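Read through the structure below, which is laid out as structure tokens, and then see the notes.
Number of protein chains: 2
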Amino acid sequence: MLIQELIKKKRDKIDLSTEEITSLIDGYVAGSVPDYQMSAFAMAVFFNGMTEVEKTALVQSMINSGERVEFEKSVRFVVDKHSTGGIGDKTSLILAPIVAACGGRVPMIAGRGLGHTGGTLDKLESIPGTKIFLSLDEFKKKTNELGLCYLGQTGQICPADKKLYALRDVTATVESLPLICASIMSKKIAEGISFLTLDVKYGAGAFMKTTQQAEELALALMEVGESNGVRVNTAITSMEQPLGRFIGNALEIKECVEIMKGASNQPEFYNETAELSIELAAMMISLGKGCDLTQARAQATDALKSGRAYEVFEKVISAQGGDLSGIKIAKNTKDVLAPSDGHVAAINGEQLGYAAINLGAGRLKTTDPIDHSSGIECLVKIGSKVSKGEPIFRIYCDEANKIHLAESRILDAVRFSESKPPEHILIHKHLGI
Amino acid sequence: MLIQELIKKKRDKIDLSTEEITSLIDGYVAGSVPDYQMSAFAMAVFFNGMTEVEKTALVQSMINSGERVEFEKSVRFVVDKHSTGGIGDKTSLILAPIVAACGGRVPMIAGRGLGHTGGTLDKLESIPGTKIFLSLDEFKKKTNELGLCYLGQTGQICPADKKLYALRDVTATVESLPLICASIMSKKIAEGISFLTLDVKYGAGAFMKTTQQAEELALALMEVGESNGVRVNTAITSMEQPLGRFIGNALEIKECVEIMKGASNQPEFYNETAELSIELAAMMISLGKGCDLTQARAQATDALKSGRAYEVFEKVISAQGGDLSGIKIAKNTKDVLAPSDGHVAAINGEQLGYAAINLGAGRLKTTDPIDHSSGIECLVKIGSKVSKGEPIFRIYCDEANKIHLAESRILDAVRFSESKPPEHILIHKHLGI
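Written as structure tokens, this is what we have:
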């Protein structure tokens, strides 16, 4: 069958077989299907979607395009978490040690940040010495030994996805639900997990702006997981404001370490990160152990509060060569002051994300360099009462010339109201519980 | 503006500006817009269509991608004809000399046949010596001097269309009305014509199977012509059976020459070709002279019957180096016999076209060679009464081994009925008259 006949079928809403999808993806990876045919196919998928059979075939052929981690069946469950991305979203650094401390194994493949959202890989790289790019054998060995290992996403896992994603990015075919789902889920399934907890975010700082869109994505992702043998549950959570206290790589590591070590000089700001980390860890434990969420929450809370999670984290970072004592945070700071009296009514996370990029803490292109030491501290949250001239954010950046642009962007991101706004709800809904 | 933003707009039904379409096409020709972006754009156009502004910008930028012929304004009108393609469709060879004999100028750019339909360029090349690939200056000079010149389609005219068409062919984006219209009309407009007559065909031997589809295409083509300053009229004509007596390159030249010279040993078969040629020529004259169709028909008929059209044809072919006396027709023939008594109820032109390809008279790929001497003679038409064993088609082919496959395909193409079928109507409708 000619590839153009296959594109035509998708264009004309005629279902493709598993063999047809497989030959398309295999040919694309091998180079016999050129980019221009794949991009036309992706656009046809944007318009006409994919059937269950097509989606499963797509995920399987993307997995088969690379290596796949396999874990021995045992009582120690293998689980991961995926977040759709947000600002200050650092829960992976806390929940993974919690789950490992509770007996699970977390083979966590981490990606870089792009656009306004951060990436776990960049955060880990702000710990000097940390080796993120391991062989799959080493990754598997460490996960088995320590209950957790972080791995930088490379071409070993799902190279078809890497190639297809780069193409979609430049052909306006990113926003296709089946393609998004296949891209996310193929990489997770290839890690060899049996269980997956999704943190699907909505709000000003998320890709999905409404809870409805977030739920739609969540259901589609869960469906792909289930049809490929992975049990999935989901939390729909708010990104209506940045998560927790810090935005920026080393600053977020500092926040996580302080939460895991039990420090709490301004607990109201740390509580949010701790709450979501515990909740997601509990969802992972509940899946892996088959226990109810209340029991799992108690176990997760105990693992965090007792310091056991931090013990795991220290061991894992140290095993990966990292030196937590060497983290560098920018010495130069600048406070952003409230322009008037009032309550903080909204904080646009996307704008804060771009302010972080201005400071060098994020990137617009995958090849942009990053300043791990810079970032933003949130001194206020939605609902905070402020007086004119009071510090509301603190900028950390040793390159003073970058501060001005970030400062004006931060001020643009905050909206004030006279009356107290409705309480901000962090965890909107559970699915698959 | 990034090209992916532009693709996204089309994908999301946001109108593009003239500048945006122009930069897309210019970039595509220059090579800065890669094939994979253009194919995604073409697929988005397949789904979402194009606005009037977009279509006009597309046509103009395709024209501007190459050279453009310009004719001096004068009383001698400049007109061309375009047919959507059929079997035995040889009218260009007769109507152009008629129009030239009536005072018009016809700068006719001719394409090769592909798939089941033939092309004027191949027919002309069956006349030994004919030089079809001229410079645009020579083309223009000859058109002015003789009232007619034939030019093979090359990369000088609308190279953007050439590149885009090749891409659409392998990305399942051919069947898009705005892209089809732009492809056809840009080349015609670039010839420097003021007037255009369209012969839009429907039926088993045409791309458009119903009169409704043919009319839809005709209206879309006419719209593009009018918005680019070319006055257009259209005949919707039948391709429910092959046109006239012969299918095949040299055989069709023979038919045209005999019609123009006044030969008529079996007039009922020549009448059809003559009738449509006169009608289309009359439509061209009516446009060019602004006279009514009845007057124009009288002029066209007189030009043909008086032999003046043939004089022009001879001069033009001779001026282009062709030697009409050297035409070679296959010596080896084989009659296809009626398998039963009855009336001919239907002749599937598409099947006959593929039979002609089997004989070497057509091609499946643009690079396939052609045997100009081979073809098929139609001894019956819809409505003909035949007896079992009577010859109904005659195959011409010097490569005897090719005959068998063609013969069985021809037999498959014919349907017989006991009662006389309804009369076949050649000219279904006029538009823009």
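Going down the list, the protein sequences come from chains D and W.
Per my numbering, residue 1 is the first one in the first sequence, and the count goes up by one each step.
Per my numbering, residue 1001 is the first one in the second sequence, and the count goes up by one each step.
By construction, the Cβ of each residue, glycine as well, lies at the ideal position given by its N, Cα and C atoms.
Predicted model, so just to flag it, every value in this text is computed and none were measured.
* Asked: Quick one, which of D:E5, D:E223, D:I21 and D:F393 has its alpha-carbon nearest R245 (chain D)'s?
  -> D:F393
* Asked: What are the start and end residues of the beta strand (DSSP E) that includes F1393 (chain W)?
  -> P1391 to Y1396
* If we call anything under 7 Å between Cβ atoms a contact, is I1133 (chain W) one with C1149 (chain W)? -> One point to set straight first is that residue 1133 (chain W) is Phe, not Ile, in the sequence displayed. It is not a contact, given that the beta carbons lie outside the stated cut-off.
* Classify T237 (chain D) as helix, strand or coil using the three-state DSSP reduction. => Collapsing the DSSP output to three states places T237 (chain D) in a strand.
* To do: Indicate whether F972 (chain W) and G1288 (chain W) have their beta-carbon atoms separated by less than 7 Å.
  => Since the displayed chain W opens at 1001 and closes at 1433, residue 972 (chain W) lies outside it and no answer follows.
* To do: Look at the Cβ atom of C158 (chain D), then the Cβ atom of A182 (chain D), and state whether they are nearer than 7 Å.
  => Not in contact: C158 (chain D) and A182 (chain D) (Cβ atoms no closer than 7 Å).
* M1001 (chain W) versus W:L1024, W:I1014 and W:R1112, residue with shortest Cα-Cα distance -> W:L1024
* To do: Locate the alpha helix (DSSP H) running through T366 (chain D), then write down its first and last residues.
  => Element bounds for T366 (chain D): n/a, residue is neither H nor E.
* Asked: Do I1382 (chain W) and H1424 (chain W) have their C-beta atoms within less than 7 Å of each other?
  -> yes
* Asked: Which word fits K1141 (chain W), buried or exposed, when buried means at least 16 other C-beta atoms lie within 10 angstroms of its C-beta?
  -> exposed
* Asked: Going straight from the alpha carbon of T56 (chain D) to that of R363 (chain D), what length do you get?
  -> 33 Å
* Asked: Per DSSP, which one or two residues make a beta bridge with R1245 (chain W)?
  -> None, per the DSSP bridge assignment.
* Does DSSP classify I173 (chain D) as helix, strand or coil? -> In the sequence on display, residue 173 (chain D) carries Thr and not Ile. Looking at T173 (chain D) - three-state DSSP - the assignment turns out to be coil, as it is neither helix nor strand.
* Asked: Taking A941 (chain W) as the reference, which of W:Q1351, W:T1301, W:G1360 and W:M1062 has the closest Cα?
  -> Residue coverage of chain W in this structure runs from 1001 to 1433, which leaves residue 941 (chain W) outside it and unanswerable.
* Helix, strand or coil: how does DSSP classify H1082 (chain W) here? -> For H1082 (chain W), the three-state secondary structure derived from DSSP is strand.
* To do: Could you tell me if P1242 (chain W) is buried or exposed, where buried requires 16 or more neighbouring beta carbons within 10 angstroms of its beta carbon?
  => buried
* Asked: By the 10 Å Cβ neighbour count, where 16 or more other Cβ atoms means buried, how is G31 (chain D) classified, buried or exposed?
  -> So G31 (chain D) ends up on the exposed side.
* To do: Give the residues from the segment 1035–1047 of chain W that approach chain D closer than 9 Å (Cβ to any Cβ), ordered along the chain.
  => D1035, Y1036, Q1037, M1038, S1039, A1040, F1041, A1042, M1043, A1044, F1046 and F1047
* Please work out which residues of its chain come closer than 8 Å, Cβ to Cβ, to E418 (chain D), disregarding the five sequence neighbours upstream and downstream, and give them in chain order. => G342 and H343
* **Within 7 Å of chain D by C-beta, residues of the segment 1165–1176 of chain W in sequence order** => L1167, V1170, T1171, A1172 and T1173
* Asked: How many Å lie between V1099 (chain W) and T171 (chain D) at the Cα?
  -> 48 Å
* Could you confirm whether any beta carbon from chain D is found closer than 7 Å to the beta carbon of K1162 (chain W)? => K1162 (chain W) does not count as touching chain D.
* To do: Please check if any C-beta of chain W sits within less than 7 Å of the C-beta of I259 (chain D).
  => no
* Rounded to whole angstroms, what's the CA-CA distance from L411 (chain D) to E255 (chain D)? Just pull it up for me. => Put simply, the backbone Cα of L411 (chain D) is about 23 Å away from that of E255 (chain D).
* To do: Taking G203 (chain D) as part of the beta strand (DSSP E), name the residues at either end of that continuous run.
  => From DSSP, G203 (chain D) is part of no beta strand (DSSP E); its letter is neither H nor E.
* Asked: At least one CB of chain D closer than 7 Å to the CB of I1278 (chain W): is that the case?
  -> Nearest CB-CB separation between I1278 (chain W) and chain D: not below the 7 Å threshold.
* Asked: In whole angstroms, what is the alpha-carbon distance linking S126 (chain D) and H372 (chain D)?
  -> 5 Å
* With 7 Å set as the bound, which would you pick, yes or no: does the beta-carbon of R11 (chain D) sit closer than that to a beta-carbon of chain W? -> Closer than 7 Å to some Cβ of chain W, the Cβ of R11 (chain D) qualifies, so yes.
* Any chain A beta carbon closer than 7 Å to E1314 (chain W) -> Within the model displayed, chain A is absent; protein chains D and W are what it includes.
* How about Q4 (chain D): is its C-beta nearer than 7 Å to some C-beta of chain W? -> With 7 Å as the cut-off, Q4 (chain D) counts as an interface residue toward chain W.
* Take G203 (chain D) as the anchor and find which of D:V232, D:I236 and D:S306 has the nearest alpha-carbon. => G203 (chain D) has its Cα closest to that of D:I236, out of D:V232, D:I236 and D:S306.
* Alpha-carbon spacing of C291 (chain D) relative to M283 (chain D), whole angstroms -> 10 Å
* Asked: How should D122 (chain D) be labelled, buried or exposed, when 16 other C-beta atoms within 10 angstroms of its C-beta is the threshold for buried?
  -> buried
* **Assumed close pair P178 (chain D), G49 (chain D) - CB separation to whole angstroms, cut-off 8 Å** => 6 Å
* Is there at least one Cβ from chain W nearer than 7 Å to I7 (chain D)'s Cβ? -> yes
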